[in-house]
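> Each residue of the sequence shown is one higher than the one before, counting from 645 in this note's numbering.
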Amino acid sequence: MTESTSVTKSDDHRPWPDTPVNLAEKISAVSAPWTPHIVGALNGQLVKIARLEGAFVWHAHEREDELFLVLRGSLRIEMRPPARDVTLREGEFFIVPRGVEHRPVAEEGCVVMLFEPEATSHAGGADTDRAVPINRQPRV
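#1: Between the C-alpha atoms of residue 653 and residue 758, what's the straight-line distance to the nearest angstrom?
#2: Could you tell me the boundaries of the beta strand (DSSP E) in which residue 704 lies?
#3: In three-state DSSP terms, what is residue 672?
#4: Tell me the residue span of the beta strand (DSSP E) that contains residue 743.
#5: With a 10 Å radius around its C-beta and 16 neighbouring C-beta atoms as the bar for buried, classify residue 668 as buried or exposed.
#6: List the DSSP bridge partners of residue 784.
#7: Judging by CA-CA distance, which residue of 676, 689 and 773 is the nearest neighbour of residue 660?
#8: Tell me which residue opens and which closes the beta strand (DSSP E) that residue 685 is part of.
#9: CB-CB under 6 Å to residue 695, same chain, minus the five flanking residues each way: which ones, in chain order?
#10: Note down, in chain order, each residue of its chain lying with its Cβ closer than 8 Å to the Cβ of residue 691, except the 5 sequence neighbours on either side.
#11: Is it true that the CB of residue 727 sits closer than 9 Å to the CB of residue 741?
#12: Less than 9 Å between the beta carbons of residue 709 and residue 721, yes or no?
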């Protein structure tokens with residue numbers, strides 16, 4: 645499976661999953677920080693949850709916007725000027741526009757839900773061993 649391989653359940657483009665999702669159960673299945681776990685797919689978008697601890701690498705997604713929704717804790721998203729850093733608390737979300745170099749920072753750890761196109765590279769192509777290719781992002 646390559647980075648651009650579809651992870652939806654079938655080729656008929658129906659949303660996945662087709663049953664209610666208990667986020668508390670899904671979050672409890674996520675232990676490794678900075679490893680997105682896929683919990684759903686719709687309209688070419690993936691719904692992911694991840695535990696974040698400390699700072700990630702600076703990176704940008706040239707073709708995709710990226711939505712961060714904080715489920716637990718707080719998250720600072722640092723962005724290169726002219727953009728400004730934002731701090732998110734539980735229940736808040738922010739969309740990082742495509743092409744904006746950013747770095748998520750969770751000083752005390754947090755859990756986020758991400759919404760992004762299937763083709764989105766985890767670290768935007770940044771040269772880092774912390775990037776998790778789509779074929780290694782677990783489905784929970």
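Ideal Cβ positions, reconstructed from N, Cα and C, are used throughout, including at glycine.
Note that the structure is a prediction, hence the values are computed from the model and not measured.
By the coordinates alone:
#1: Walking along the sequence shown from the start, residue 653 turns up at place 9. Walking along the sequence shown from the start, residue 758 turns up at place 114. Any answer about residue 653 is weak, because its pLDDT of 47 lies below 50 and its placement is not dependable; what the coordinates show is given next. Between residue 653 and residue 758, the C-alpha separation is close to 19 Å.
#2: If you number the sequence shown from 1, residue 704 lands on position 60. Element bounds for residue 704: n/a, residue is neither H nor E.
#3: Taking the sequence shown and counting its residues from 1, the one referred to as residue 672 is at position 28. Helix, per DSSP.
#4: On the sequence shown, residue 743 is found 99 positions in, with the first residue counted as 1. Segment: none, residue 743 is in no beta strand (DSSP E) and carries neither H nor E.
#5: On the sequence shown, residue 668 is found 24 positions in, with the first residue counted as 1. Flag for residue 668 reads exposed.
#6: For the purposes of this step, residue 784 is taken as residue 140 along the sequence shown, with counting starting at 1. Residue pairing by DSSP leaves residue 784 without any beta bridge partner.
#7: Here residue 660 corresponds to residue number 16 of the sequence shown, with the count starting at 1. Comparing C-alpha distances from residue 660 to each of 676, 689 and 773 shows the shortest one belongs to 689.
#8: As a working note, residue 685 is residue 41 in the sequence shown. Element bounds for residue 685: 681 to 686.
#9: Locating residue 695 in the sequence shown gives position 51, where the first residue counts as 1. 674, 677 and 755, listed in sequence order.
#10: Counted from its first residue, the sequence shown places residue 691 at position 47. So the qualifying residues of the chain are 682, 683, 684, 685, 757, 758 and 759.
#11: The count along the sequence shown starts at 1 and reaches residue 741 at position 97. The count along the sequence shown starts at 1 and reaches residue 727 at position 83. With respect to residue 727, residue 741 sits close: the two C-beta atoms are nearer than 9 Å.
#12: Start at 1 with the first residue of the sequence shown, and residue 709 comes out as number 65. Start at 1 with the first residue of the sequence shown, and residue 721 comes out as number 77. Against a cut-off of 9 Å, the Cβ pair of residue 721 and residue 709 comes out as no contact.
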